[in-house]
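Down below is the structure, laid out as structure tokens.
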Amino acid sequence: MTAIVLYCRPGFEKECGAEIQEKAAWNEIYGYITLNKNQGLVFFHLHNPEDGEVLIERLPLKRLIFARQWFLTLTDKIELPDYNRVEAIVDALGGDWQYADLRMETTDTNDGKALSKFCRKLAVPLRQALRKKKILTEQGDDFGANLHALFFSGQEVILGYSLGSNSSKHVMGIPRLKFPSQAPSRSTLKLDEAFLYFIPKKDWDSRLTSGLNAVDLGSAPGGWTYQLVRRGMMVSAVDNGPMAESLMETGQVKHYQMDGFKFVPAKQNVYWLVCDMIEKPQRVAKLMMNWLLHGYCKEAMFNLKLPMKGRYQQVMDDLQTIKDGFAEHNVKYELYAKHLYYDREEVTVHARLLSPPPLAK
Ligand SMILES: C[S@@+](CC[C@H](N)C(=O)[O-])C[C@H]1O[C@@H](n2cnc3c(N)ncnc32)[C@H](O)[C@@H]1O
1296 MTAIVLYCRP GFEKECGAEI QEKAAWNEIY GYITLNKNQG LVFFHLHNPE
1346 DGEVLIERLP LKRLIFARQW FLTLTDKIEL PDYNRVEAIV DALGGDWQYA
1396 DLRMETTDTN DGKALSKFCR KLAVPLRQAL RKKKILTEQG DDFGANLHAL
1446 FFSGQEVILG YSLGSNSSKH VMGIPRLKFP SQAPSRSTLK LDEAFLYFIP
1496 KKDWDSRLTS GLNAVDLGSA PGGWTYQLVR RGMMVSAVDN GPMAESLMET
1546 GQVKHYQMDG FKFVPAKQNV YWLVCDMIEK PQRVAKLMMN WLLHGYCKEA
1596 MFNLKLPMKG RYQQVMDDLQ TIKDGFAEHN VKYELYAKHL YYDREEVTVH
1646 ARLLSPPPLA K
């Protein structure tokens, strides 16, 4: 049966399933969900198989919060023989379609990690065979389709495809980032990934560049501040806790030991507001919205902590609060949320106004 396979963080399958079902229904596309619990896999089985292609074209993956990657199935689970696996895969594909890239994938679990070595080995002869049959073009552009091979073991695989223009560039939607040894906390990777994910590379020279001013609310010990400093920004770091000495020594950081909800920038020259305060998500959402509406910052990147239960609904409610606030003031805006790979019990949100801030003095 034709399904859309979605990859999410293991443990968040329910949220990912609820989300695809709801957002597909907005597009009048219906189906039912099955989950591979704690394997980070969700199957959205389509009532009408032809809807699959419509959905992966029409619904931007960027609009899905909990899905990191997705593809539309070409086959059910195939049993592979011990020998001639490559041939079995090539045969299953037929020769009707061409793909720009091949993605060898597994579940995001320990078993999956063990299997990825096998996948890397198999990828070499498989690519060769697919190229020979002109099934794989490896054009490396964004316009073609990518072939996905999702392995559950050396004997079981599902084949499918995604559109290069509407899928993650990373295998399983996971960017592999290197932890910078000078960063004072591991959460530094969250902001690094957020910039990579939300801000197009072509804009880095203007939106993530040296000389910009930034405010980091809930900054201690400084993992996020580190990412701003390393890009040459001047940072007001707000937290009662201590900041890493190494960051203070750069001369780019001013530490304010105070409540992040009370901090107001002295001048309207702040470009970035980033916020990782462990606080009620509704409170954070309102604070971020107010900063933007008052023109205290141009762009905001922040985390919303997820509750234990009703996580999808809570995020949707938090985002709705922001949307309602923006709508009330009639502003144009960009607002995206994602459960990023380096996030755990939180999602990352990026927001900016595309029209002048209505409450700026
Ligand atoms: C998850 S940690 C931040 C880690 C930091 N982003 C990093 O990368 O090193 C959360 C921080 O929020 C701070 N915090 C919580 N509530 C706050 C508030 N109302 N005002 C300022 N800081 C707050 C805590 O003191 C804590 O240091």
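Sequential numbering of the sequence shown, starting at 1296, is according to this note's numbering.
Beta carbons are placed, not taken as given, at the ideal position from N, Cα and C, and that holds for glycine.
Treat the numbers as computed from the prediction; the structure is a model and nothing was measured.
| Item | Value |
| --- | --- |
| Are at least three pairs of beta-carbons, each pair with one atom in the region 1499-1508 and one in the region 1526-1534, less than 8 angstroms apart? | yes |
| I need the DSSP call for G1506, collapsed to helix, strand or coil. | coil |
| Got a sec? Which residues, its chain only, sit under 7 angstroms from G1347 by beta carbon, not counting five neighbours each side? | T1297, I1299, L1341 and L1367 |
| Excluding the 5 residues flanking K1604 on each side, which residues of the same chain have their C-beta closer than 8 angstroms to its C-beta? | none |
| If you follow the alpha helix (DSSP H) that A1319 is in, where does it begin and where does it stop? | E1308 to W1321 |
| So does M1543 have its beta carbon nearer than 6 angstroms to some heavy atom of ligand 3? | Within the structure as shown, ligand 3 is missing, the only ligands being ligand 1. |
| Compare the Cα-Cα distances from L1587 to each of D1571, M1611, Q1609 and P1560 and report the closest residue. | P1560 |
| Would you report the Cα separation of I1573 and S1462, rounded to the nearest angstrom? | 31 angstroms |
| Which partner residues does G1455 have in the DSSP bridge list? | T1368 and H1443 |
| Do you know offhand how far L1649's Cα is from A1362's? | 26 angstroms |
| Determine whether the beta carbon atoms of T1576 and L1542 lie at a separation below 7 angstroms. | Reading off the sequence, residue 1576 comes out as Pro, not Thr. Result no, Cβ atoms of P1576 and L1542 do not sit closer than 7 angstroms. |
| From M1611 to A1532, what distance separates their C-alpha atoms? | 29 angstroms |
| DSSP three-state label for I1430, please. | coil |
| Give the straight-line distance between the Cα atoms of E1544 and T1520, rounded to the nearest whole angstrom. | 13 angstroms |
| Can you give the beta carbon distance from T1404 to P1305, rounded, assuming they're within the 8 angstroms contact cut? | 6 angstroms |
| Could you have a look at N1585 and say whether DSSP puts it in helix, strand or coil? | helix |
| Can you name the residues that DSSP bridges to I1373? | V1452 |
| Label D1613 either buried or exposed according to how many other C-beta atoms from any shown protein chain fall within 10 Å of its C-beta, with 16 as the threshold for buried. | buried |
| Is the region 1467-1475 touching the region 1426-1433, taking contact as three or more C-beta pairs under 8 angstroms? | no |
| Measure from the alpha carbon of G1513 to the alpha carbon of each residue in L1484, G1459, M1467 and L1568, then state which is nearest. | L1568 |
| In angstroms with no decimal places, state the Cα-to-Cα distance between E1641 and H1634. | 7 angstroms |
| Hey, would you say the C-beta of P1264 is under 6 angstroms away from at least one heavy atom of ligand 1? | The requested residue 1264 is not part of the displayed model; the chain covers only 1296 to 1656. |
| Among H1550, L1523 and H1589, whose alpha-carbon lies nearest the alpha-carbon of D1534? | H1550 |
| Considering only DSSP beta bridges, list what L1648 is partnered with. | Y1628 |
| Identify the continuous alpha helix (DSSP H) that holds K1497 and give its terminal residues. | Counting along the chain, K1497 falls outside any alpha helix (DSSP H), and DSSP gives it neither H nor E. |
| Helix, strand or coil: which one does DSSP assign to M1543? | helix |
| So, with DSSP's three-state summary, where would you put R1398? | strand |
| With distances taken from CA atoms, which of Y1302, P1653, P1651 and A1655 is nearest I1469? | Y1302 |
| Is S1460 helix, strand or coil by DSSP? | helix |
| Measure the CB-CB distance between F1493 and G1459 and report whether it falls below 7 angstroms. | no |
| For the 8 angstroms Cβ check, are there 3 or more pairs between the region 1377-1393 and the region 1416-1426? | yes |
| Does any heavy atom of ligand 1 sit closer than 6 angstroms to the C-beta of P1516? | yes |
| Look at A1509 and G1536 and say whether their C-beta atoms are less than 7 angstroms apart. | no |
| Examine ligand 1 and report whether any of its heavy atoms sits within less than 6 angstroms of the Cβ of M1572. | yes |
| Please report the Cβ distance between I1373 and V1466, rounded to the nearest whole angstrom; I am assuming they are in contact, meaning their Cβ atoms lie under 8 angstroms. | No, I1373 and V1466 are not in contact; Cβ-Cβ is about 20 angstroms, not under 8 angstroms. |
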